[in-house]
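Number of protein chains: 2
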Amino acid sequence: MNDYVHGYSSSETERLDDQAQVLRRLLHHDVRFREGAKVLEAGCGTGAQTVILAGNNPAAHFVAVDLSEASLREAAASVSAHGLTNVSLERQDIFELRYPDNYFDHIFCCFVLEHLPDPNLALQEFKRVLKAGGSITVIEGDHGSFFCHPPSEDISAAVDCLVELQRQKGGDALIGRRLFPLLSAAGFASVQVSPRTIYADDSLPEVVNGFSKRTFIAMVAGIEDEAIEQQLISTQRWRQAMADFNLAVGSEGTFCYTFFKAVGSNSG
Amino acid sequence: MNDYVHGYSSSETERLDDQAQVLRRLLHHDVRFREGAKVLEAGCGTGAQTVILAGNNPAAHFVAVDLSEASLREAAASVSAHGLTNVSLERQDIFELRYPDNYFDHIFCCFVLEHLPDPNLALQEFKRVLKAGGSITVIEGDHGSFFCHPPSEDISAAVDCLVELQRQKGGDALIGRRLFPLLSAAGFASVQVSPRTIYADDSLPEVVNGFSKRTFIAMVAGIEDEAIEQQLISTQRWRQAMADFNLAVGSEGTFCYTFFKAVGSNSG
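Top to bottom, those sequences are chains A and B.
Under my numbering, the first sequence is numbered contiguously, ending at residue 269.
Under my numbering, the second sequence is numbered contiguously, ending at residue 269.
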């Protein structure tokens, strides 16, 4: 997890909070768990999704695990600030969970598999701790789904740098499109994937600010030094990409990105 | 209209019918007009959308216009075969409509602007014949929104050929992302655009067949001769793209494409 492509800075924590707010409705509106359900959030990070999940499902109990102590401290502060009492935070390795087989009613995993060299291994472990008849929900983005108006090859080149850096760290920034075969191969049944497309234009300033600028562009901007240092892109092209981003979030620009949500069940 | 990039063959008519069936719910479920409304469908082609619109809105009256006599004959046969009595078909040029100002309650225009060298001119004409307080609905695709699993640079190159050929004929295959600035610039008010993403995997055979194979791949396949003749792509690369398409519609493949629906009003 030292290889988390976006790093662990406090501006990264803010970026994740903005992302969670804008995406709350798009991704979470249909994530509901019954009263008393025991739900594992695998890879909770700083708790950006945890507080939404636990807030939306006050009668379910959440066990949110992550490997990073620093992230868990932030998650604890966030859970506490939201006054939530249905969340336990634990430091655990998602590849070797310290839970017995068939323990949880549901598993929730958001923006985690994209960073793993072998997401299938994690899915196998999730399946082990999931009860027969239990369900898994996986949410991921896909950076190859991004496009904007005006179209820009320089922006595409900058986004490609992010995909390449994530690949070097063992991840897959194009994992969203791959959730169906991944969950199927891990043995989950009745896998259903739905695209969740976020779109922004000048009539939607909260999406332009919360997603286009403060989530996506901030994420791309965050890899400038590494991309240029590795000579994945020239300084001049990088600057042009950032200028083109300004047009895409301007009054005549538009912005589009697709997340994927997959649900599967453990047929036992 | 002799430059319609996809041609006027009978297999093209079948392609449009398959497309209309799969997209019926995605694009049409929220297109509803009140009893007695007078609606212009600008550029109805062979009537693929017309029969859905008129069937979904039996109490509204539709005037569907197109420049092609051959397309109108097919549209008439389709309207008749569906037993619809609320459609008038007329041969008209959408740039010079033979209707007075402020004549229609609503305008509907689907998969038309993408083929026009100056979509703004058509939108101005639509605005002229639209009553103050009336609304316009525009639906377009965006070929730059397409992606699939496994990812394939050869497929991207083949799709780029389609975009280029459409550009040569004066069209814009990336128009979906541009609907907000286009409608705004034409003077429509309260413009709202929503992305409509179609996604296919092995659990959705009707989408794989109706959209991935018989709509999108068929459309790309249709430009093979022209693309190779113009040397936009090599024969070898084209063949690889088609082979990669087979993986994308196979049991471990996925397919994604985004349409855009825009609604605006005539503030007078």
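Glycine included, C-beta positions come from ideal geometry on N, C-alpha and C.
- Just so you know, the alpha carbons of B:Gly84 and B:Gly145 end up roughly 37 Å apart.
- One finds Ser204 in chain A with Cβ atoms closer than 7 Å to the Cβ of B:Gln193, taken in chain order.
- Here the alpha carbons of B:His7 and B:Pro118 stand approximately 16 Å from one another.
- In this structure, the beta-carbon distance from B:Ala65 to B:Glu42 falls below 8 Å.
- Put simply, the region 179-199 of chain B touches the region 21-41 of chain B. At least three CB pairs are less than 8 Å apart.
- Annotated three-state conformation of A:Arg33 is coil, per DSSP.
- Contact of A:Phe189 with chain B is not assigned, every C-beta pair being separated by 8 Å or more.
- Per the C-alpha coordinates, the member of B:Thr138, B:Pro120, B:Ala190 and B:Asp94 positioned closest to B:Cys110 is B:Thr138.
- Residue burial annotation: A:Thr259 is buried, with at least 16 other C-beta atoms found within 10 angstroms of its C-beta.
- The way I'd put it, the region 118-137 of chain B doesn't touch the region 240-252 of chain B; fewer than three beta-carbon pairs between them come closer than 8 Å.
- Spanning the alpha carbons of A:Gln193 and A:Met220 requires a straight line of approximately 28 Å.
- Closest by C-alpha distance to B:Glu91, out of B:Ser79, B:Ser252 and B:Ser69, is B:Ser69.
- With contacts defined as CB atoms closer than 8 Å, A:Gly48 and A:Ser79 qualify as a contacting pair.
- A Cβ-Cβ contact shorter than 8 Å links A:Cys257 with B:Arg178.
- The C-beta of A:Asn247 has fewer than 16 other C-beta atoms within 10 Å across all chains shown, which makes the residue exposed.
- Contacts between B:Tyr104 and chain A, judged by CB atoms closer than 9 Å, are missing: the closest CB pair is about 28 Å apart.
- Unbroken alpha helix (DSSP H) runs of no fewer than 4 residues, entirely contained in the region 191-245 of chain B, are found at 219-222 and 225-230, following chain order.
- For A:Ser10, there is no enclosing alpha helix (DSSP H), as DSSP gives it neither H nor E.
- Using a CB distance cut-off of 8 Å, A:Glu253 counts as an interface residue toward chain B.
- Not a single C-beta of chain A is nearer than 8 Å to the C-beta of B:Arg168.
- Nearest C-alpha to B:Ser185 among B:Gly135, B:Ala263, B:Lys132 and B:Val160: B:Ala263.
- Residue contact with chain A for B:His7: absent (no Cβ-Cβ distance below 8 Å to any residue of chain A).
- In this chain, the alpha helix (DSSP H) harbouring A:Cys162 covers Glu154 to Gln169.
- Only residues of its own chain outside the window of five on either side were considered, and among them His144, Phe147 and Val221 have a CB closer than 7 Å to the CB of B:Val160, listed in chain order.
- For B:Val264, the beta-bridge partners assigned by DSSP are B:Thr138 and B:Gln193.
- The three-state reading of DSSP puts A:Glu115 in helix, counting H, G and I together.
- Here DSSP, grouped into helix, strand and coil, assigns B:Val66 to strand.
- Annotation: the continuous alpha helix (DSSP H) that includes B:Ala49 extends over Ala49 to Asn57.
- Taking a Cβ-Cβ threshold of 7 Å, the residues of chain A close to B:Leu175 are Pro152, in chain order.
- Beta-bridge partners of A:Tyr258 (DSSP): A:Ile199.
- Straight across, the Cα-Cα distance linking A:Leu131 with A:Asp67 is about 18 Å.
- In the displayed model, A:Phe147 falls within coil according to three-state DSSP, outside both helix and strand.
- Neighbours of B:Pro196 in chain A, taken as residues at a C-beta separation under 7 Å, are given in chain order as Thr198, Tyr200 and Cys257.
- Taking a Cβ-Cβ cut-off of 9 Å, A:Gly171 has no neighbours in chain B, whose nearest Cβ is about 18 Å from it.
- Boundaries of the alpha helix (DSSP H) harbouring B:Ser185: Leu180 to Ala186, taken from the DSSP string.
- Listed by position along chain A, the residues whose Cβ is nearer than 9 Å to that of B:Arg33 form an empty set, because the closest Cβ is around 22 Å away.
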